[in-house]
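See structure below.
2 protein chains.
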Amino acid sequence: MRIAFIGLGAMGVPMAVNLVKAGHEVTGFDVRAAALQPLVAAGGKAATSAADAARNADLLWLMVVTGEQAEAVLFEGGAAAALPRGAIVVAACTQAPALAKKTSQRLADMGLEMLDAPVSGGVAGANAAGLTIMVSGAEATLARTRPVFEAVGKRTFDVGREAGMGSTAKMINQLLCGVHIAAAAEAMHVAERAGVSKATMHEIISVSAGNSWMWGDRGPRMMMDEPPVTSAVDIFVKDLGIVLDQGKSMRQGLPLASAAMQMFLAASGLGHGAADDSQVIRAYRALNGSQAGGPKK
Amino acid sequence: MRIAFIGLGAMGVPMAVNLVKAGHEVTGFDVRAAALQPLVAAGGKAATSAADAARNADLLWLMVVTGEQAEAVLFEGGAAAALPRGAIVVAACTQAPALAKKTSQRLADMGLEMLDAPVSGGVAGANAAGLTIMVSGAEATLARTRPVFEAVGKRTFDVGREAGMGSTAKMINQLLCGVHIAAAAEAMHVAERAGVSKATMHEIISVSAGNSWMWGDRGPRMMMDEPPVTSAVDIFVKDLGIVLDQGKSMRQGLPLASAAMQMFLAASGLGHGAADDSQVIRAYRALNGSQAGGPKK
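Quick mapping for you: the protein sequence lines, in order, are chains L and Z.
Just so you know, we're using numbering that gives the first Met the number 0 here: the first sequence kicks off at 0 and counts up by one.
Just so you know, we're using numbering that gives the first Met the number 0 here: the second sequence kicks off at 0 and counts up by one.
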């Protein structure tokens, strides 16, 4: 397939390279021209604009951060207009389901097909062609695109026929991630104030029913004062924001996601927005005091 | 060791039998006399009261449900007075840390030692001698008791020197369990209203960063209308109640545990207190409507 690949960030580069390796003809574009080098070195082509990349492509992969960026590339940037009729747009950004639906409709009006296909797995998953892809869209479009998904991901989940359903699946994952990180901080903070060793507590929970993927991953960084930043507090302000906006548009109360959001917001407001998201524990310390109930250890 | 074992319920029976198998001399007591049969059949002895069991025991294992029951057995029931000075009381119930501390002090005043040692792992763990034990108390007492713990459990975690710390560790696990069950229900409920297949969603999350032990265990029962009851909604009303009481006594706000508690309380108030705890999802349906956003599936 002739693939236009827009957005060559930390995840985009290995994904585009994996598509080249799988035999696709890949033309990349990124606002930072230097980002195109690794793709060209791997046998891909460099375009001078998103519209330039889109011309004659069978498929346009949008690996931008937000749905608003996707709209800008497609419509203001002219990529949609440059695509041949019948081409497929893969919207792989994390966006509000309603926006995915709106963009899909605009593309349909232009004779283009869209798959709402957010991914998870991060940079490690992108490097290993091990991403998880949650996709919704027309069955025939999904079938045509499956080999492309298989070149970058390990699991492709068919979530439904309507645009927005893929984004809903991703949003449900983000809801759980956000709540679990805040819950881990709440639990660690109880240990901290009660004078129970956090390291022992981490070991206990890791073999108990209270365990979560986030407890395993973020827990050790929660015990550090200045951990390396794997994903920032403000990313969850954004992602839980999408979750709660979606709840609002569906008229759906989400009490746990809402409580978790307040703690990420507070952490950001305290000046820790760029810190590792494990540092949401600082909001608990601000709220309750870190050492009142016992030594901090 | 001569062990008095009080409370031969679904977990107590296999634990007491495992102690006999490990070579200990076990005398059991339970308010339901029939509960003593399996212990006697395995080579243990039956006592006619907790005080009767306690006479001449080196160690009294309290496998009752609450800290209040433990107090009743020890003080009103006369078991503490019947124990020889220097004997050890293992309080294995799930109780408020403050109550564990108070009971420990009363026992110390009588020349007895207490280990605050709640367990987790359920009936399956008890059967397989695979329980996790979170214990706090004097180092020498813990050292003397370790072989007893090893006869019933796989992991014994030393949580600290003070009574209450073992119960705090257990309470932290219950905090995470309660929040994770409610979060799973919140997430499943979003899928339900958005018309995304819950079975597909369960599969996606199981391989994603949003995964938790509870998602894996309770998720499938959340998809059933009348699942078998493994642990009831009202058990989490009790356990999150202990968590929030502890937060209150420490003057510590616990926003996620509090939000989760409201959902378990609502589920119980709706008449589902005896239902499987996965059915906290019914409180979400009552709150937001189950099918407003799409088909229930």
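We treat Cβ as the ideally placed atom computed from N, Cα and C, and that holds for glycine.
At a CB-CB cut-off below 8 Å, which residues of chain L make contact with residue i?
{"i": "G252 of chain Z", "result": "L286, N287"}
{"i": "M164 of chain Z", "result": "A193, G194, V195"}
{"i": "W212 of chain Z", "result": "S207, A208, G209, N210, S211"}
Which residue wins for smallest C-alpha separation from residue i, given the options the options?
{"i": "L82 of chain L", "options": "L:A107, L:A95, L:V147, L:R284", "result": "L:A107"}
{"i": "L264 of chain L", "options": "L:L286, L:V232, L:G252", "result": "L:V232"}
{"i": "V134 of chain Z", "options": "Z:V12, Z:R154, Z:A79", "result": "Z:R154"}
{"i": "P73 of chain L", "options": "L:F28, L:P146, L:A45", "result": "The sequence shown places Leu at residue 73 of chain L, rather than the Pro named in the question. Answer by Cα proximity: L:F28."}
{"i": "V147 of chain Z", "options": "Z:K20, Z:D276, Z:E67", "result": "Z:K20"}
{"i": "G218 of chain L", "options": "L:H201, L:K100, L:E225", "result": "L:H201"}
{"i": "R105 of chain L", "options": "L:M223, L:A266, L:A80", "result": "L:A80"}
{"i": "I234 of chain L", "options": "L:A90, L:A69, L:Q94", "result": "L:Q94"}
{"i": "L175 of chain L", "options": "L:A162, L:M187, L:L255, L:A52", "result": "L:L255"}
{"i": "A186 of chain Z", "options": "L:N172, L:L243, L:E70", "result": "L:N172"}
{"i": "D51 of chain L", "options": "L:V25, L:V279, L:R160", "result": "L:V25"}
{"i": "L286 of chain L", "options": "Z:V122, Z:M249, Z:V279", "result": "Z:M249"}
{"i": "G177 of chain L", "options": "L:S257, L:A32, L:E225", "result": "L:S257"}
{"i": "T199 of chain Z", "options": "L:A184, L:A168, L:R220", "result": "L:A168"}
{"i": "M221 of chain L", "options": "L:L239, L:K237, L:S196", "result": "L:S196"}
Residue i touches chain C at which residues, Cβ-Cβ below 7 Å?
{"i": "R154 of chain Z", "result": "Looking at the structure shown, chain C is missing, and the protein chains on hand are L and Z."}
Just the chain L side, please: which residues come within less than 9 Å of residue i by C-beta, in chain order?
{"i": "N17 of chain Z", "result": "Here the premise fails: no neighbours, minimum Cβ distance about 19 Å."}
{"i": "I2 of chain Z", "result": "Simply none; closest approach about 25 Å."}
{"i": "T131 of chain Z", "result": "I203, V206, S207"}
Starting from residue i, find everything on chain Z with Cβ-Cβ shorter than 9 Å and list it in chain order.
{"i": "C176 of chain L", "result": "S207, A208, G209"}
{"i": "T102 of chain L", "result": "Simply none; closest approach about 18 Å."}
Mind listing the chain Z neighbours of residue i? Cutoff is C-beta to C-beta under 7 Å, in chain order.
{"i": "V158 of chain L", "result": "V195, T199"}
{"i": "Q261 of chain L", "result": "P254"}
{"i": "A95 of chain L", "result": "Result: empty, since nearest Cβ-Cβ is about 12 Å, beyond 7 Å."}
{"i": "S119 of chain L", "result": "S207, A208"}
{"i": "A181 of chain L", "result": "L255"}
State the DSSP-derived secondary structure class of residue i, mapped to helix, strand or coil.
{"i": "R154 of chain Z", "result": "strand"}
{"i": "V202 of chain L", "result": "According to the sequence provided, residue 202 of chain L is Glu. The question's Val does not apply to it. It is helical."}
{"i": "L253 of chain Z", "result": "coil"}
{"i": "A274 of chain L", "result": "coil"}
{"i": "G268 of chain L", "result": "helix"}
{"i": "V228 of chain L", "result": "coil"}
{"i": "T47 of chain L", "result": "coil"}
{"i": "V134 of chain Z", "result": "strand"}
{"i": "S119 of chain Z", "result": "strand"}
{"i": "G215 of chain Z", "result": "helix"}
{"i": "H179 of chain Z", "result": "helix"}
{"i": "M240 of chain Z", "result": "First, the residue type needs correcting, since residue 240 of chain Z is Gly and not Met in the sequence shown. Reduced to three states, the DSSP call for G240 of chain Z is helix."}
{"i": "W72 of chain L", "result": "The sequence shown places Val at residue 72 of chain L, rather than the Trp named in the question. DSSP places V72 of chain L in helix when its eight states are reduced to three."}
{"i": "G293 of chain Z", "result": "In this predicted model, G293 of chain Z has a pLDDT of only 42, less than 50, meaning its place in the structure is not dependable enough to derive any value."}
{"i": "T65 of chain L", "result": "coil"}
{"i": "P356 of chain L", "result": "Outside the displayed span of chain L (0 to 296) sits residue 356 of chain L, for which this structure offers no information."}
{"i": "L82 of chain L", "result": "coil"}
{"i": "G165 of chain L", "result": "helix"}
{"i": "H23 of chain L", "result": "coil"}
{"i": "N126 of chain Z", "result": "helix"}
{"i": "Q94 of chain L", "result": "coil"}
{"i": "G246 of chain L", "result": "helix"}
{"i": "R145 of chain L", "result": "helix"}
{"i": "G11 of chain Z", "result": "helix"}
{"i": "N210 of chain L", "result": "coil"}
{"i": "R195 of chain Z", "result": "What sits at residue 195 of chain Z in the sequence shown is Val, not Arg. Coil, per DSSP."}
{"i": "M187 of chain L", "result": "helix"}
Leaving out five residues on either side along the sequence, give the residues of the same chain with a beta carbon under 8 Å from the beta carbon of residue i.
{"i": "I87 of chain L", "result": "D57, L58, L59, L111, E112, M113, L114, T140, R143, T144"}
{"i": "H310 of chain Z", "result": "Summary: the structure shown does not reach residue 310 of chain Z, with chain Z confined to residues 0 through 296, and so no result is reported for it."}
Spatial neighbours of residue i within its chain, please: CB distance less than 6 Å, with the 5 preceding and 5 following residues excluded, ordered by chain position.
{"i": "A128 of chain L", "result": "N17, V151"}
{"i": "A125 of chain Z", "result": "M10, P13, M14"}
{"i": "P227 of chain L", "result": "none"}
Sorted by chain position, which residues of the same chain lie with C-beta nearer than 7 Å to residue i's C-beta, five sequence neighbours on each side aside?
{"i": "A49 of chain Z", "result": "I5, F28, V72, G76, A78"}
{"i": "V64 of chain L", "result": "C92"}
{"i": "L7 of chain L", "result": "A15, G27, D29, A34, L35, L38"}
{"i": "G42 of chain L", "result": "V19"}
{"i": "A291 of chain L", "result": "The predicted model places A291 of chain L with a pLDDT of 39, which falls under 50 and marks its position as unreliable, so this point remains unresolved."}
{"i": "N55 of chain Z", "result": "R1, P83"}
Return the bridge partner residues of residue i from the DSSP annotation.
{"i": "L114 of chain Z", "result": "Z:V89"}
{"i": "W60 of chain L", "result": "L:F4, L:V89"}
{"i": "F28 of chain L", "result": "L:I5"}
{"i": "G159 of chain L", "result": "L:S135"}
Below 8 Å on C-beta distance, what does residue i contact in chain Z?
{"i": "E185 of chain L", "result": "L174, V178, L253, P254, L255, A256"}
{"i": "T167 of chain L", "result": "V189, A190, A193, V195"}
{"i": "F123 of chain L", "result": "Looking at the sequence provided, one finds Ala at residue 123 of chain L rather than Phe. Those do not exist, as A123 of chain L stays about 11 Å from chain Z at its closest Cβ, beyond 8 Å."}
{"i": "M10 of chain L", "result": "Those do not exist, as M10 of chain L stays about 15 Å from chain Z at its closest Cβ, beyond 8 Å."}
{"i": "M109 of chain L", "result": "Result: empty, since nearest Cβ-Cβ is about 26 Å, beyond 8 Å."}
May I ask whether a heavy atom of the ligand ZN can be found less than 7 Å away from the beta carbon of residue i?
{"i": "R154 of chain L", "result": "Although the ligand ZN was asked about, the structure shown includes no ligands whatsoever."}
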